[in-house]
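FYI, the numbering for the sequence shown is 22 to 489, going by my numbering. Before any comments, here is the structure.
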Amino acid sequence: MKAFMDKDFLLSTESAKKLYHEYAENMPILDYHCHINPQEIAEDRQFDNITQVWLGGDHYKWRQMRSNGVDEYYITGDAPDREKFQKWAETLEKLIGNPLYHWSHLELRRYFGYEGHLCAETAEEVWNLCNEKLAQKDMSVRGLIKRSGVTLICTTDDPVDTLEWHEKIKADETFDVQVLPAWRPDKATNIEKATFPGYVKTLSEVSGISVSSFEDLKAAIVNRMEYFDARGCSVSDHGLDYVVYVPASAEEIETIFAKGLAGEALTECEIAKYKTAFMLFLGKEYHRLNWVMQLHYGCKRDNNSLMFAKLGPDTGFDCINNYAPAAQTADFLNALITTDELPKTILYSLNPNDNAVIGTILGCFQDSSAVGKIQQGSAWWFNDHKTGMTEQMISLANLGTLSNFVGMLTDSRSFLSYTRHEYFRRILCELIGGWVENGEYPDDWKALEKIVKGICYNNAVRYFGFDL
């Protein structure tokens, strides 16, 4: 029997061990998509205790605590941090087979040197150990980033953001990790939301362009894109229900926009037409600026209306949406490539059943302008576990070019979650090592080194064009 999470955790063959320990283990981390707060980096926040860094904002953990019958008082409520931690420890010991069990223990090992396992009985020991460590100066936010081997971080930022914290980080010569903004215009995309008119008003104020038409909106958005571009942004991201393609005339779009701006109800078809027009406009601008377009879709959000009313979005009440029409995704990309304005694009579906669909769409739009121009994103959210990652990479290998894959992203609000890259790299090396052991790929270690290091880090550096 193997020891619990030893140095060869998830590595079952000699080839897998060689790939991981010699090639993958010590590669840097490029975190091209996450949700961490740049203010906390600028101010180099020091956490008071493990609950703050572990449970604050982590809806992955919150969902499991609810599944374990924990009262909301101990999850998002006002319970003391020590009591919240105890409830998490009591939950964690039940999470056999869940990636949170592995992630949590990887974090305890890498950042706190704890080699045991967290449960109800060890909670006090772990609480004291972690808090003692967190009091050390090198365990601040910047210290955690540096010890994780991170070279660059892309945060997630709204078009109306000032980006003041990014500028302060850039001006600070004592911190050499790049922290760049990433463009997330969901509030301008979601015309059906009650918040849309107010958001457009804010956009008008920030851009200095009075927005009363769709053409005005595009001008204001371009104004903000230029602002972001001047501050190092080269990545966009979208949280979509699905990729939509329902084209309409310019006159129709202006009529629909006027209704949305007035707060009038829109039909599903009108919403789809607006979103198609807006996304096509954005895609062309991304191509002009040489930005990467990331499309995250396949999520049905805020399903528990009772809890949404109490806690708001991103609190653990989202699920996989089984509806993502492949034809519209392909038609959307085709509409951009028809005028030679298709940017580099990464497609992520929350539904693992879409792996093969994405894999076949990729091959329709690749060209010589960039290696792996159209990418399938890493297994995302409900899929970033051993099974989900393995299935995503096998599908990509079957239908595309796995060697050009841009690899893992953190997609997290936690400064301890960089161990997810280790988890991913171990799974990657186990997969490729198995193919080598089975005679499905030669033991050409020079080629294998290039493949593994590429997927871990080098491909992303090349693809995004970061100056590292």
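All C-beta atoms, glycine included, are put in the ideal place defined by N, C-alpha and C.
Taking C-beta separations shorter than 6 Å and ignoring five residues to either side along the sequence, the partners of LYS321 in its chain run CYS340, ASN342, following chain order. Secondary structure at MET414: helix, using DSSP grouped into helix, strand and coil.
With fewer than 16 neighbouring CB atoms inside 10 Å of its own CB, ALA156 falls in the exposed class.
Between the alpha carbons of ASN244 and ALA63 lies a gap of roughly 26 Å.
Separation of the CB atoms of ASP65 and SER161 is rounded to 5 Å, and the pair is thereby assigned contact status at 8 Å. Rounded to whole angstroms, the gap between the alpha carbons of ASN355 and ARG205 is 23 Å. Every alpha helix (DSSP H) of 4 residues or more that sits fully in the stretch 424–458 is shown, in chain order, as 440–458.
Residue ranges of uninterrupted alpha helix (DSSP H) with 4 or more members, entirely inside the stretch 279–317 and ordered along the chain, are 289–310. Excluding its 5 nearest sequence neighbours in each direction, THR72 has C-beta neighbours in its own chain below 6 Å: ASP102, LYS105, PHE106, listed in chain order. Looking at the DSSP output, SER228 sits in no beta bridge, so it has no partner there.
A distance below 7 Å separates the beta carbons of VAL171 and ILE50. If you look at ASP237, you'll find it in the alpha helix (DSSP H) that goes 235–251. For ALA110, same chain residues with a beta-carbon under 8 Å away, outside a window of 5 residues either side, are LEU139, CYS140, ALA141, THR143, ALA144, VAL147 in chain order. In the three-state DSSP reduction, ILE341 falls in the strand class (E or B).
Fully enclosed alpha helix (DSSP H) runs of no fewer than 4 residues occupy 80–88, 102–113, 120–133, 144–155 of the stretch 80–164, in order along the chain.
In the DSSP assignment, VAL200 falls within the unbroken beta strand (DSSP E) covering 199–201. Cβ neighbours of HIS54 within its own chain (closer than 8 Å, five residues either side excluded): CYS175, THR177, ALA203, VAL256, ASP258, GLN315, LEU430, THR431, ASP432.
The straight-line gap separating the alpha-carbon atoms of VAL91 and GLN85 is approximately 9 Å. Going by DSSP, TYR369 is part of the beta strand (DSSP E) stretching over 366–370. With a threshold of 16 other beta carbon atoms within 10 Å, LYS214 falls short and is exposed.
Closest by C-alpha distance to SER36, out of LEU449, GLY475, VAL482, is LEU449.
For the pair LYS296 and VAL264, the CB atoms are not nearer than the 7 Å cut-off.
For the pair GLY421 and LEU452, the CB atoms are not nearer than the 7 Å cut-off. One alpha carbon belongs to ARG163, the other to ASN459, and they sit about 43 Å apart. Here ILE57 is actually not in contact with PHE485; their C-beta atoms are around 18 Å apart, not less than 8 Å. Per DSSP, reduced to three states, the secondary structure at HIS187 is helical.
Here GLN60 carries a helix assignment [DSSP, helix/strand/coil]. Judged by beta-carbon spacing, THR440 lies within the 7 Å limit of LEU127, meaning their Cβ atoms are closer than that value. Annotation for ASP207: the continuous alpha helix (DSSP H) segment containing it runs 207–210.
Following the DSSP letters along the chain, one finds THR172 inside the beta strand (DSSP E) bounded by residues 171–175. Setting aside the 5 residues that flank it on each side, ASP29 is surrounded in the same chain by LYS38, each with a C-beta closer than 6 Å to its C-beta; the list follows chain order.
If the five residues before and after LYS294 are omitted, its C-beta is found closer than 8 Å to the C-beta atoms of VAL267, PRO268, ALA269, GLU273, ILE274, ILE277, all from its own chain and listed in chain order. Looking from the CA of LYS331, the closest CA among GLU46, VAL74, ASP352, GLY98 belongs to GLY98. A straight line joining the alpha-carbon of LEU368 with that of ASN149 spans about 42 Å. In the three-state DSSP reduction, VAL256 falls in the strand class (E or B). Contact annotation, LEU417 with GLN397: C-beta distance approximately 5 Å; criterion of less than 8 Å satisfied.
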